[in-house]
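Colleague:
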Amino acid sequence: METVTYEIALEQFGALKGLGSIALDEKAAWGVARNLARFKRVLKPIEEEITEGHQAAIDLYAEKDGDGKPRVVNGNYDFGDNYKSYQKRVKELESTEVQIDYFKIKQSDFPKTELKGILLAPLLDYIITED
1092 METVTYEIAL
1102 EQFGALKGLG
1112 SIALDEKAAW
1122 GVARNLARFK
1132 RVLKPIEEEI
1142 TEGHQAAIDL
1152 YAEKDGDGKP
1162 RVVNGNYDFG
1172 DNYKSYQKRV
1182 KELESTEVQI
1192 DYFKIKQSDF
1202 PKTELKGILL
1212 APLLDYIITE
1222 D
């Protein structure tokens, strides 16, 4: 079991989903599937907390319209002078720590030619291990 921030876990989850769309050898596919299931179990309740916290930050820091609701300009919330405070709160939310029991996958279980480093980078040192 390892502890990472929500932001890192979300990045790893995205990388795993990307790997899930590639034809992988059986061992790698099994490892990716096991990790995806573990991430879903861990991230779902935390994602709800983060979403609620994000909405609370919008309600707190966004400029208000005539009805007292957060003002939207060109499809984005208008934070005016409160933008830095809003960003700070979002960073705090994304820094929430999560514990994940990673299923390790050997580097040799992945095909050599199909994978890009940018896809694997978030998984190195956590999930993908050297042989």
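Sequential numbering of the sequence shown, starting at 1092, is according to this note's numbering. All C-beta atoms, glycine included, are put in the ideal place defined by N, C-alpha and C.
1) Give me the DSSP bridge partner(s) of residue 1168.
2) Specify the secondary structure class of residue 1094 as computed by DSSP and reduced to three states.
3) Buried or exposed: where does residue 1178 fall if 16 or more other Cβ atoms within 10 Å of its Cβ makes it buried?
4) For residue 1123, does the count of other Cβ atoms within 10 angstroms reach 16, so buried, or fall short, so exposed?
5) My output table needs one value for residue 1110: the three-state DSSP class, helix, strand or coil.
6) What are the start and end residues of the alpha helix (DSSP H) that includes residue 1218?
7) Are residue 1220 and residue 1096 touching if we call contact CB-CB under 8 Å?
8) Taking all protein chains shown into account, decide if residue 1174 is buried (16 or more other Cβ within 10 angstroms of its Cβ) or exposed.
9) Leaving out five residues on either side along the sequence, give the residues of the same chain with a beta carbon under 7 Å from the beta carbon of residue 1126.
10) Return helix, strand or coil for residue 1154, following the three-state DSSP convention.
Modeller: So, from the data block:
1) Your numbering for residue 1168 matches position 77 in the sequence shown. Looking at the DSSP output, residue 1168 bridges to 1163.
2) Along the sequence shown, one-based indexing puts residue 1094 at 3. The answer is strand: DSSP assigns residue 1094 an E or B state.
3) By one-based count along the sequence shown, residue 1178 stands at place 87. Counting Cβ neighbours within 10 Å, residue 1178 comes out exposed, since fewer than 16 surround it.
4) By 1-based counting over the sequence shown, the position of residue 1123 is 32. With 16 or more other Cβ atoms within 10 Å, it is buried.
5) For the purposes of this step, residue 1110 is identified with residue 19 of the sequence shown, where counting begins at 1. If DSSP states are grouped into helix, strand and coil, residue 1110 belongs with the helices.
6) In the sequence shown, counting from the first residue as 1, residue 1218 sits at position 127. Residue 1218 -> no alpha helix (DSSP H), and no H or E assigned at all.
7) The sequence position of residue 1220 within the sequence shown is 129, counting from 1. The sequence position of residue 1096 within the sequence shown is 5, counting from 1. No, these two residues do not count as a Cβ contact at 8 Å.
8) Within the sequence shown, the letter at position 83 stands for residue 1174. Exposed: under 16 other Cβ atoms inside 10 Å.
9) Along the sequence shown, read from residue 1 onward, the residue named residue 1126 stands at position 35. Correct list, in chain order: 1107, 1193, 1194, 1218.
10) For the purposes of this step, residue 1154 is taken as residue 63 along the sequence shown, with counting starting at 1. Note: residue 1154 maps to coil in three-state DSSP.
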